[in-house]
Amino acid sequence: MEVNSFISAIGVIDGLLNGFLNVIIWIAKILFLTPWGWIIVAVAFVAMLVAKIRTSKDEITFYSVVGGVSETLFWFYTNISTIIIGVFVVFVLSIIFTGLKDVTGSFKLFNEVKTLEATLKNLKTERKVLEVTALPVSVNGTNRMNVTVKYFAYSPVKEQDIQTGERVYIIDGKKLYVDFGVINFKYSLIEKGDAYNIAFPSHMFSEVLPPDNGMNIFAAGDGVPLTFKLDTQDIYILSKDSYIAQINKMIAYSTNTNLCREMGVKTTYGEALGFEPQEGKVYQFYSTGAGGVIIK
Numbered sequence: 002m003e004v005n006s007f008i009s010a011i012g013v014i015d016g017l018l019n020g021f022l023n024v025i026i027w028i029a030k031i032l033f034l035t036p037w038g039w040i041i042v043a044v045a046f047v048a049m050l051v052a053k054i055r056t057s058k059d060e061i062t063f064y065s066v067v068g069g070v071s072e073t074l075f076w077f078y079t080n081i082s083t084i085i086i087g088v089f090v091v092f093v094l095s096i097i098f099t100g101l102k103d104v105t106g107s108f109k110l111f112n113e114v115k116t117l118e119a120t121l122k123n124l125k126t127e128r129k130v131l132e133v134t135a136l137p138v139s140v141n142g143t144n145r146m147n148v149t150v151k152y153f154a155y156s157p158v159k160e161q162d163i164q165t166g167e168r169v170y171i172i173d174g175k176k177l178y179v180d181f182g183v184i185n186f187k188y189s190l191i192e193k194g195d196a197y198n199i200a201f202p203s204h205m206f207s208e209v210l211p212p213d214n215g216m217n218i219f220a221a222g223d224g225v226p227l228t229f230k231l232d233t234q235d236i237y238i239l240s241k242d243s244y245i246a247q248i249n250k251m252i253a254y255s256t257n258t259n260l261c262r263e264m265g266v267k268t269t270y271g272e273a274l275g276f277e278p279q280e281g282k283v284y285q286f287y288s289t290g291a292g293g294v295i296i297k
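Okay, here's the thing in structure tokens:
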């Protein structure tokens, strides 16, 4: 929290300095790079000159003109120099704080990657994701499926898949398709070897219900997708709140190309598996780690 507050403070200071510098540059451009600006400068210069060349008797003499011009030029030069030095100081400070912001940003990213790595250590890539049973029925001549979905997460403490929730869906059609999102991480972030894919359920559709209108099965509980839901005693390293925040961030990153690269995600894709369900049969969906999802 303290690191994030420090980074935020650096960002605010950098924004203020850049904002002030931009205002100064904008004023300088108007005064010295536009006809109206030169007119303003000339009028101001003449006004100061007239005020200085008058004598105590309100007279204008040759000596008062020479002295007034010299004094005005000196005043003008001194103040312009002060302004230039001030702008230069602000510019240098802006560069320093921008560099510091970049450094703290890199540190923040490194910290996020390490936190994500800790999160991924709680996830097993080769695991059961879902159990699906479907009861085919006919309603007024329309084929329909009553689908029961059981969600599973892997407990690294218990070293086994645990059921985290159950949902019932009704879908028209005879052939059921279960669609998954797959996040392909760099293997070094998860474990040694070739297993580095994390899968999560996304939608269900059928031969009559198109994928774009598919039923969302991305169910959540306690603020986290059921397929990643773990109790405090089942989580390594992280607190439950940090784990939930990282899981949700990981899912959000899966749809953002730039953030994917930053967080070690190589690719993301969808994978749908279709089958004609038989009454009483349990279809188990497993993430293979190195590949996508399979039915057992």
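The numbering of the sequence shown is this note's numbering, which starts it at 2 and goes up by one. The beta-carbon is built from N, C-alpha and C at its ideal position, and this holds for glycine as well.
Would you kindly work out how many angstroms separate the C-alpha atoms of residue i and residue j, rounded to a whole number?
i      : j      : result
Glu192 : Gly215 : Low local confidence applies: a pLDDT of 46 at Glu192 is under 50, so the model's placement there is unreliable, and no value is given.
Gln164 : Tyr152 : 6 Å
Gly182 : Val225 : 16 Å
Ser240 : Asn141 : 52 Å
Ile40  : Val24  : 20 Å
Val150 : Thr268 : 27 Å
Phe276 : Phe186 : 28 Å
Ile199 : Glu167 : 21 Å
Leu231 : Gly290 : 19 Å
Gly292 : Arg145 : 31 Å
Lys282 : Ala221 : 25 Å
Lys250 : Thr143 : 41 Å
Asp162 : Ser156 : 6 Å
Val47  : Ile86  : 25 Å
Tyr137 : Asn259 : Looking at the sequence provided, one finds Pro at residue 137 rather than Tyr. Between Pro137 and Asn259, the C-alpha separation is close to 43 Å.
Ser203 : Leu227 : 12 Å
Asn147 : Asn257 : 34 Å
Glu208 : Asp223 : 33 Å
For residue i, count the other beta carbons within 10 Å of its own beta carbon; 16 or more makes it buried, fewer makes it exposed. Which is it?
i      : result
Leu125 : Going by the sequence as given, residue 125 is Lys instead of Leu. Buried.
Thr56  : In this prediction, Thr56 has a pLDDT of 47, which is less than 50 and means its spatial position is unreliable; what the coordinates show is noted afterwards. Per the 10 Å Cβ criterion, exposed.
Lys58  : Note on Lys58: pLDDT 49, under 50, position unreliable in the model; no value is reported.
Tyr270 : exposed
Asp180 : buried
Asn123 : buried
Ser139 : exposed
Tyr237 : exposed
Val266 : buried
Thr233 : exposed
Thr120 : buried
Ile184 : buried
Val44  : exposed
Taking Cβ to Cβ, would you say residue i is nearer than 7 Å to residue j?
i      : j      : result
Phe286 : Val130 : yes
Leu177 : Ala135 : yes
Glu272 : Val294 : yes
Tyr284 : Val133 : yes
Pro212 : Phe219 : no
Arg128 : Ser288 : yes
Phe274 : Ile252 : Note that residue 274 is Leu in the sequence shown here, rather than Phe. Going by C-beta atoms, Leu274 is not nearer than 7 Å to Ile252.
Among the residues of its own chain, which have a CB less than 8 Å from the CB of residue i, if the five just before and after it don't count?
i      : result
Leu210 : Ile172, Asp173, Gly174 and Met216
Phe229 : Leu124, Ala154, Phe201 and Ile248
Lys159 : Asp235
Give every residue of the same chain whose Cβ lies closer than 6 Å to the Cβ of residue i, excluding the five residues on either side of it in the sequence, and list them in chain order.
i      : result
Pro278 : Ala135 and Leu177
Asp242 : none
Q: Note down, one range per segment and in chain order, each beta strand (DSSP E) of at least 3 residues found wholly within the stretch 132 to 183.
A: Fully enclosed beta strand (DSSP E) runs of 3 or longer: 143 to 156 and 161 to 173.
Q: At 4 residues or longer, and completely inside the stretch 229 to 284: list those alpha helix (DSSP H) runs for me, N to C.
A: As summarised for the stretch 229 to 284, the continuous alpha helix (DSSP H) elements at least 4 residues long and confined to that stretch are 241 to 254 and 258 to 263, given in chain order.
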